[in-house]
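Asks:
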Amino acid sequence: MKNTLKTVGTQRLLLDTTVKKLTLPQTAVEALLVLEAEGTAKAARWWTDGSEPTTSEGMLLGDTSVLELTHRQDLERFQITGIDPGKTSVLTITYYGF
């Protein structure tokens with residue numbers, strides 16, 4: 000029998016210019032993340048190496064972008080921050096596991 004992933008949790012993070020981490024379900028091994036930027040907000044920045052992103056450094060995630068993380072270690076080290084002072088965007092996450 001083939002092991003298939005199933006949804007094991009969801010999360011919503013409100014992003015401002017404070018660095019945020021994921022709260023992982025115990026069995027999560029992958030995740031889909033979608034950014035919904037507020038109004039004129041442009042994006043967020045993220046890293047999966049454990050470093051804290053800043054408003055000017057990190058991988059860019061734009062409004063309505065989808066990010067797929069496929070390793071537990073990346074989920075554990077993931078950090079993200081909004082880049083637009085005074086704006087709050089929403090990062091919606093669906094976690095998958097066995």
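In numbering that gives the first Met the number 0, the protein residues as written are 0 to 97. Idealized CB from N, CA, C, for every residue including glycine. Predicted model only: the values in this text are computed from it and were never measured.
Three or more C-beta pairs closer than 8 Å, one from the segment 26-35 and one from the segment 0-17: is that the case here?
Replies: A contact exists between the segment 26-35 and the segment 0-17.
Asks: Could you compute how far the alpha carbon of residue 7 sits from the alpha carbon of residue 70?
Replies: One C-alpha to the other measures close to 15 Å.
Asks: I need the boundaries of the beta strand (DSSP E) containing residue 31, first residue and last residue.
Replies: Taken as a continuous stretch (DSSP letters only), the beta strand (DSSP E) holding residue 31 covers 27-35.
Asks: Can you tell me which of 73, 97, 95, 10 puts its alpha carbon nearest to the alpha carbon of residue 89?
Replies: Ranking the options by Cα distance to residue 89, first place goes to 10.
Asks: Once DSSP output is grouped into helix, strand and coil, what is the label at residue 59?
Replies: If DSSP states are grouped into helix, strand and coil, residue 59 belongs with the strands.
Asks: Using CA atoms only, rank isn't needed, just tell me which of 72, 56, 97 is closest to residue 81.
Replies: The option with the nearest alpha carbon to residue 81 is 56.
Asks: Check this for me: beta carbons of residue 122 and residue 21, under 8 Å apart or not?
Replies: What is shown of the chain runs 0 to 97, which leaves residue 122 out entirely.
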